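Data block below; observations after.
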Amino acid sequence: MPDLPTPQDATEAALFSECWDAVLSYADLCTAGSTAAGQLAAEAFSTGIREAREAEAGTFRSAGRRPARLPRTALLLAAVRTTAAEWEETGQGHKLDPDLRLWLNSEKAARYTGPPLQRPIALRGLRDMQEPDAALLWLAEVEALPLPVVARRLGLDPDTVSEELNQVRGLFRDRCRRNHLDTPMDARCRSYARLLDAVTRSTAADTPDDLSRHLATCVQCAEAAACLRLHGGGLPGALAGGVIGWGGLAYLERRRRAAEVRLAGPRDPADADAGPPNPGAHKARVVRGGLLVAAVLVSALALAVSVMPAGSTGDGTTAGGDSDRQPVAGPGFSLPVTGATQPAPDSPRPSKTPTRDDSPEPENPDPDPEPQGTTSTTAEEDDPDPSPSEPPTCGVQYDLVNEWPDGFQATVTVTSERALDDWRVAWSFRDGQKVGQMWDASFAQNGSRVTAKAADYNRTVHADGTLSFGFIASWEGENSAGYDFTLNGHDCAKL
């Protein structure tokens, strides 16, 4: 699987973060398993980014008309389709969804690579627009992002973005109408072209019966009708189906559900999906709330103990020399371990390896709750603490790939002496860095401690083999390298 390309600057890093989720979502629709989905997404993402950079470089060199190209997200999704077609041609079709394989070997797929005038009208109409206009239309209609979020991404005025979107819709309609008229068609289709334009302009106009029957049998005219009719809610489906092809409507539904989840999350809806995730603010609120709750509980317990009869512990036993070994609460109850609730230095503690200061764990034997302030991934930092006397069985290399004023990209490569069926790599940051995106692993961050968990396709590592993953993170002030690396709870030596 190819390495993902390195962002050239902060703007491109933000685009990577925004587009990767969309690419992986469509790749998952196109494949028969999560392993193949990751491979297809990575190949398509690398191909699409390379094509986008070449197109942009060609635009700067050319003094003539801007070459037609899709907005970045749509271009990368089209790269997923073309990469899937290459898999089918090179004997890797077994990794793809069976229905997609049937589509790839049909005339429907051939339209996307055939003569330009025979390609879907939505695809041609979107390519004929200026890229900022096309991006506004795609993000609002297909990706289902709230308009304030779209305005921030594209640098538009939030107060006028709705009006601009309506203008762009009209522009897209005009481009599609022109492309429909340019399409080679028989006399019957040509005779309906003007009527189709008139019917789709009005929200109150009824479709004549003969035109309705024609649209039921003519693919090109039906596609044109979907693109020309801006009312009725059919425009997103026309765009997704015309640009992506197979699975366009299923992808559209996935993006709708993803947008609903983002808006229902803990952040303010106006800030939903405003770029790479930054859990720092939410983390601070959670920590402050946890400390407040712990203080209240400790105060309540102290009050309860103070009003108990002398010599009684509240459970029928008398207080004595061993009373400080008996927990105040019952064995089924535990308090968050904070600075206020940690036992005094001379208090006996269960024999275990001390936990790290930046991610304390309760002494209760019950499993820890899921770390707060993580991303939407399911990785958990539940590795056993390494034995201090155990020699390292792994080595780690932390590489800073790229850095810009408020963010950076890094890779982590771990060499393991032992064979692994699964892996979890954890490390700490000294300067408050916050991971926003990770590939080839899922992640969770609890304070300064980050835990990366294997993806489905790279869980297995041979003895003396390596595993690697990359991420994009934010930083302020200093950006020192990660430290205190562990692999499945065992310390790793720095290489």
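For the sequence shown, the residue numbers in my numbering are -5 to 489. Built from N, CA and C at the ideal position, the CB exists for glycine as well. As the structure is a prediction and not an experimental result, all values here were calculated from the model.
In chain order, what residues of the same chain lie with their CB nearer than 7 Å to the CB of residue i, ignoring the 5 residues before and after it?
i	result
Cys486	Pro386, Cys388, Gly389, Val390, Val408, Phe479, Thr480
Pro178	Leu111
Cys13	Arg66, Thr67, Leu70
Asn473	Glu397, Phe402, Asp425, Gln427
Gly471	Asp425
Glu125	Arg63, Pro65
Leu117	Gly236, Val237
Gly324	Unreliable placement is indicated for Gly324, whose pLDDT of 35 sits below 50; no coordinate value is reported for it.
Ala435	Ala446, Lys447, Ala448, Ala449, Phe463
Thr194	Ala219, Leu222, Arg223
Thr0	Val395, Asn396, Gln403
Arg47	none
Tyr392	Ala404, Val406, Ala475, Gly476
Compare the beta carbon distance of residue i and residue j with 8 Å and say whether it is the shorter of the two.
i	j	result
Cys212	Cys183	yes
Ile466	Gln427	no
Gly401	Ala4	yes
Thr445	Leu414	no
Ala449	Asp416	no
Trp433	Gly483	no
Leu130	Leu159	yes
Leu189	Leu205	yes
Glu489	Ala244	Before going on, a small fix: residue 489 reads as Leu here, not Glu. No. Outside cutoff.
Gly42	Ala73	yes
Asp77	Ala49	The sequence as given places Thr at residue 77; Asp does not occur at that position. No, the Cβ-Cβ distance between Thr77 and Ala49 is not below 8 Å.
Arg105	Arg113	yes
Where residue i and residue j are concerned, what is the direct C-alpha to C-alpha distance, given to the nearest angstrom?
i	j	result
Pro230	Phe437	32 Å
Ala497	Ser422	Coverage of the chain is limited to positions -5 through 489, which leaves residue 497 absent and any answer about it impossible.
Leu461	Thr25	24 Å
Thr201	Ala218	14 Å
Pro45	Gly27	Note that residue 45 is Glu in the sequence shown here, rather than Pro. Spanning the two alpha carbons is a distance of roughly 27 Å.
Val406	Ala36	18 Å
Leu133	Ala187	29 Å
Val255	Ala181	48 Å
Gly476	Gly85	42 Å
Gly441	Val429	11 Å
Asp93	Ala79	13 Å
Thr491	Gln161	Beyond the ends of the chain as shown, which are -5 and 489, falls residue 491; an answer cannot be given.
Leu490	Ser19	Because the chain is modelled from -5 through 489, residue 490 falls outside the range shown and cannot be assessed.
Met123	Arg172	12 Å
Leu394	Gly149	29 Å
Thr154	Asp168	22 Å
Asn99	Val17	22 Å
Ser40	Ala199	46 Å
Pro399	Val419	27 Å
Phe10	Arg207	45 Å
Asp203	Pro109	32 Å
Gly227	Glu101	28 Å
Ser196	Ser185	19 Å
Glu6	Gln431	13 Å
Leu83	His456	At residue 83 the sequence reads Glu, which differs from the Leu that was named. Distance between the alpha carbons of Glu83 and His456: 31 Å.
Among the residues of its own chain, which have a CB less than 6 Å from the CB of residue i, if the five just before and after it don't count?
i	result
Arg163	Leu224
Glu135	Leu229, Pro230, Leu233
Ala138	Arg249, Arg250, Ala253
Ala493	With the chain covering -5 to 489 only, the question about residue 493 has no answer from this structure.
Val144	Leu133, Ala134
Arg75	Gly239
Tyr451	Thr29, Gly32
Is any heavy atom in the ligand GTP found nearer than 7 Å to the beta carbon of residue i?
i	result
Ala21	The ligand GTP is not part of this structure, which contains no ligands at all.
Please go through the same chain and pick out, in chain order, the residues whose beta-carbon is closer than 8 Å to the beta-carbon of residue i, but skip the five residues on each side of it.
i	result
Asp458	Thr409, Ser410, Glu411
Ala210	Ala216
Trp97	Ala103, Gly239, Trp240
Gln214	Ile115, His174, Thr177, Met179, Cys183
Trp81	Leu34, Gly87, Lys89, Leu90
Asp15	Ala252
Asp191	Arg171, Leu222
Leu141	Ala134, Pro152, Val155, Ser156, Leu159
With DSSP as the reference, please indicate the residues paired to residue i in a beta bridge.
i	result
Cys486	Beta-bridge pairing links Cys486 to no other residue.
Val429	Ala467
Ala145	Answer is none; Ala145 lacks a bridge partner.
Asp393	Thr405
Arg418	Lys447
Thr480	Ala420, Asp485
Asn440	Arg443
Ser410	Cys388, Gly459
Ala435	Ala448
Trp398	Gly401
**Ordered list of alpha helix (DSSP H) runs contained in the segment 163 to 243, each at least 4 residues** = 181 to 195, 203 to 209, 213 to 222, 229 to 237
**Asked** Enumerated in chain order, which unbroken segments of the alpha helix (DSSP H) with a length of 4 residues or greater are wholly contained in the segment 55 to 107?
**Response** 66 to 83, 92 to 98, 101 to 104
**Request:** Ignoring anything shorter than 4 residues or poking outside the segment 6 to 57, list the alpha helix (DSSP H) runs there in chain order.
**Result:** The qualifying runs are 28 to 55.
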